[in-house]
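Residues in the sequence shown are numbered from 0 upward in steps of one, following numbering that gives the first Met the number 0.
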Amino acid sequence: MRLSRKSDYALRAVMHFAGLPKGKLASIGEVAEAQKIPREFLAKILKDLTWAEILLSFQGVTGGYRLAKPAKEITFFDVIEAMDGQVYLNLCCEDKHDCSHSKGCTMRSFWLKEQEHYLKALKRANFSKYKAKY
0 MRLSRKSDYA LRAVMHFAGL PKGKLASIGE VAEAQKIPRE FLAKILKDLT WAEILLSFQG
60 VTGGYRLAKP AKEITFFDVI EAMDGQVYLN LCCEDKHDCS HSKGCTMRSF WLKEQEHYLK
120 ALKRANFSKY KAKY
């Protein structure tokens, strides 16, 4: 599986917010510059992260964004799922995937087991552990 650019940028953006002092807001421009993310793409990502209740958005001249909850409560899984939907290592891990090899396929059991390990790792990785340092 290859992580999408959108998820990669979203993880870096949340990492940025996790490294800020509690309650401090950051603008799109600040995050874009610090994390080397194209500003227009970042604006869409932050909107999606706000919709997913990972970030809070504050309007106005002194507005910006901050985490919606403590960094330890936000996982890599939360961010990736907010950007790309359900996470699958392989097509055969999808619930509704119809495969001509599904009967007696030994690969499916391998991928399902690895999928479980991968999802557990993403759900364990939170942003209190992985945050930008300033």
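The C-beta atom is built at its ideal place from N, Cα and C for all residues, glycine as well. Only a predicted model underlies this, so the values are computations on that prediction, with no experimental measurement involved.
Any idea which residues DSSP pairs residue i with across the strands?
{"i": "A25", "result": "Y64"}
{"i": "L54", "result": "L66"}
{"i": "N125", "result": "T74"}
Taking only the alpha-carbon atoms, compute the straight-line gap between residue i and residue j and give it to the nearest angstrom.
{"i": "G22", "j": "K112", "result": "40 Å"}
{"i": "E52", "j": "F109", "result": "34 Å"}
{"i": "F16", "j": "Q114", "result": "29 Å"}
{"i": "S6", "j": "A42", "result": "13 Å"}
{"i": "H116", "j": "Y8", "result": "23 Å"}
{"i": "E72", "j": "F126", "result": "8 Å"}
{"i": "T61", "j": "R1", "result": "37 Å"}
{"i": "L66", "j": "L90", "result": "33 Å"}
{"i": "F57", "j": "Y87", "result": "34 Å"}
{"i": "C104", "j": "K119", "result": "24 Å"}
{"i": "G59", "j": "A25", "result": "13 Å"}
Going by DSSP in three states, residue i sits in which element: helix, strand or coil?
{"i": "F75", "result": "helix"}
{"i": "L19", "result": "coil"}
{"i": "E93", "result": "coil"}
{"i": "S3", "result": "coil"}
{"i": "Y8", "result": "helix"}
Ordered along the chain, which non-local residues of its own chain (more than five positions away) have a Cβ less than 7 Å from that of residue i?
{"i": "L45", "result": "A12, I27, L54 and Y64"}
{"i": "M14", "result": "F126, Y129, K130 and A131"}
{"i": "F40", "result": "Y8"}
Using C-beta distances below 6 Å, list every residue in its chain close to residue i, excluding the 5 sequence neighbours before and after it, in chain order.
{"i": "L121", "result": "F75 and F76"}
Given residue i, which residues of its chain have a CB within under 8 Å of its CB, disregarding the five upstream and five downstream residues?
{"i": "G18", "result": "K130, A131, K132 and Y133"}
Stretch pair the stretch 32-43 + the stretch 77-90: three plus CB contacts closer than 8 Å: no
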